[in-house]
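Everything below concerns the one structure shown next.
Numbering (mature numbering (1 follows the signal peptide of the UniProt record, and there is no 0)), first residue to last: -19 to -1, 1 to 520.
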């Protein structure tokens, strides 16, 4: 896919003196030790290929009997860029999107090496191989490796015996759907005009049900797979072409809408832009994978307006996600998902990431666990509420058992009571500032268990003015105030008559319906010990 959606997976460089270029032998040693540590297998170097213009920004190290590692060509950045414990990488066959990633990486390594001289600490020690929250290893969820050309494109529009390619969006959608083998059939209809083929239309309601056994097995020369991929392409109004098929990179909502409207996926399917996401991005991806849902991931390069859609379907527990590029299995491997945007290192590589999450069957018992808030002020007494726990975007039901623990069973100063995450002791903002926790929900009826990870931040004392925020929902016409703990409030009208009063507990938030306010200048007064804040609500 050329004109629209090229994947870019590059390690976020953390630089920590004595920088030097890495030799091919050093890269080989690193690759052998890394794969050996991960698999306990005896491997040797098959070949080493430098990537860069006369100066290696990175090395592709192919191993025997199998496996490959992409190693940095300079020790100012983290050593391991990407790897796979199976297969080999041939530079002549590397997918376009992956090659772009390597070229971009080389350019950034060379630029950083002119500014940074200190060796990255991960070259000195292997103690950095640590498991993130919630995550031990998650094996790749997708068991298929589909492509865009024949025989996968036999149902795509064509002319003169030549069919358009499937399109990376269609492949990524189909591969994600294969995990739950859902739905049983498509629904609705689509009609639109494609630039190369004119009017295109399909009546999904008239289509026969899917045979998921044949789809997963690739029976009949992938005929049923090709039909599914044609459906996913049509559902997003694919702009088909023999050299590339795609959708505008800004129209990722087409993917989530198609999954819900034409393939019966639940309303929880949504698209999330990384630049607009305020919580931990990697934890979001890990939680989706822990829930058994593969992700459709899009990345665009604004420099040349090229992009790619692919799948993230696994995690190695060490900061690398398994990527299925959608090129028939070629190049699949484990990659760091961080992009190159770090002001501390003067990096400003403009790459936009967006993920389609929630791609699970509608009858999935436990879909998600969420927390209404993940910040707590330091010094509050035991029993202070961090946030409300929600299961499947609702309060936990009776058959559910909900518990909290630290990663790998570590003890943490939190407990869940009355569907609330509470502290069990006063917390300090510097010991530690962040607590990694796991919330586990068990459904007693189905025997289903779901664990999701969260990062609880302990904030240093802030004033009432600093902590108070307000949001007005124009649809519901409700004001929502969020503030600190131990706050009381009084709402008065223009004449000073009391309308409401009370304490903001157990959660430090307040909702006021605009319809409930009398005309004129209403005043909300918040009090916390000797602090006072007033807000005018004019109707």
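Idealized CB from N, CA, C, for every residue including glycine.
Quick caveat, the model's predicted, so the values are computed rather than measured.
- Just measuring C-alpha positions, the residue of 16, 347, 242 sitting nearest residue 372 is 347.
- The Cβ-Cβ distance between residue 280 and residue 157 does not fall below 8 Å.
- Annotated three-state conformation of residue 241 is helix, per DSSP.
- Counting along the chain, no alpha helix (DSSP H) covers residue 316; the unbroken beta strand (DSSP E) around it starts and ends at 314 to 316.
- Counting along the chain, the unbroken alpha helix (DSSP H) around residue 202 starts and ends at 200 to 216.
- Short of 7 Å from the beta carbon of residue 500, and not among the five residues preceding or following it, lie these beta carbons of its own chain, in chain order: 520.
- In the DSSP annotation of this structure, the continuous segment of the alpha helix (DSSP H) that includes residue 267 starts and ends at 262 to 271.
- C-alpha of residue 355 to C-alpha of residue 179: approximately 51 Å in a straight line.
- Scanning its chain for C-beta atoms nearer than 6 Å, with the 5 sequence neighbours on each side dropped, one finds around residue 134 the residues 144, 146, 147, in chain order.
- Boundaries for residue 219: no beta strand (DSSP E) harbours it, and the DSSP string shows neither H nor E there.
- If you draw a straight line from the Cα of residue 102 to the Cα of residue 79, it comes to about 26 Å.
- By the Cβ neighbour-count rule, residue 254 is exposed, with fewer than 16 other Cβ atoms within 10 Å of its own.
- For residue 446, there is no enclosing beta strand (DSSP E); the residue is found in the alpha helix (DSSP H) stretching over 445 to 448.
- Inter-residue distance for residue 437 and residue 350 is about 15 Å (C-alpha atoms, whole angstroms).
- Per DSSP, residue 248 lies in no beta strand (DSSP E) segment and is marked neither H nor E.
- When the five nearest sequence neighbours on each side are left out, the beta carbons in the same chain lying within less than 7 Å of the beta carbon of residue 125 are those of 156, 159, 197, in order along the chain.
- In this structure, residue 207 lies away from residue 292, with their beta-carbon atoms at least 8 Å apart.
- In this model, residue 367 and residue 248 are separated by some 27 Å (Cα to Cα).
- Within 10 angstroms of the beta-carbon of residue 173 lie fewer than 16 other beta-carbons, which makes it exposed.
- Below 8 Å, too few C-beta pairs join the region 445 to 453 and the region 391 to 407 to call them touching: fewer than three.
- For the pair residue 57 and residue 12, the CB atoms are not nearer than the 8 Å cut-off.
- Residue burial annotation: residue 149 is buried, with at least 16 other C-beta atoms found within 10 angstroms of its C-beta.
- In this structure the region 463 to 474 does not touch the region 382 to 398; the number of beta carbon pairs closer than 8 Å is below three.
- The Cβ-Cβ distance between residue 312 and residue 70 falls below 8 Å.
- Shown here for residue 54: same chain residues with a beta carbon closer than 8 Å to its own, the five before and five after excluded, namely 2, 3, 8, 31, 32, 33, 36, 37, 38, 39, 40, 87, 90 in chain order.
- For residue 162, DSSP records no beta bridge to any residue.
- Contact between residue 219 and residue 131 does not hold, since their C-beta atoms are separated by about 17 Å, which reaches or exceeds 8 Å.
- Taken through DSSP and simplified to helix, strand or coil, residue 5 comes out as helix.
- The DSSP-derived three-state label of residue 234 is helix.
- Per DSSP, reduced to three states, the secondary structure at residue 255 is helical.
- For residue 355, the three-state secondary structure derived from DSSP is coil.
- A straight-line Cα-Cα distance of about 24 Å links residue 458 and residue 447.
- Linking residue 270 to residue 502 through their CA atoms gives a straight-line distance of about 50 Å.
- For residue 461, same chain residues with a beta-carbon under 6 Å away, outside a window of 5 residues either side, are 452, 492 in chain order.
- Across the structure, residue 226 and residue 19 are spaced so that their CA atoms are roughly 38 Å apart.
- Between residue 423 and residue 382, the gap from beta carbon to beta carbon is short of 8 Å.
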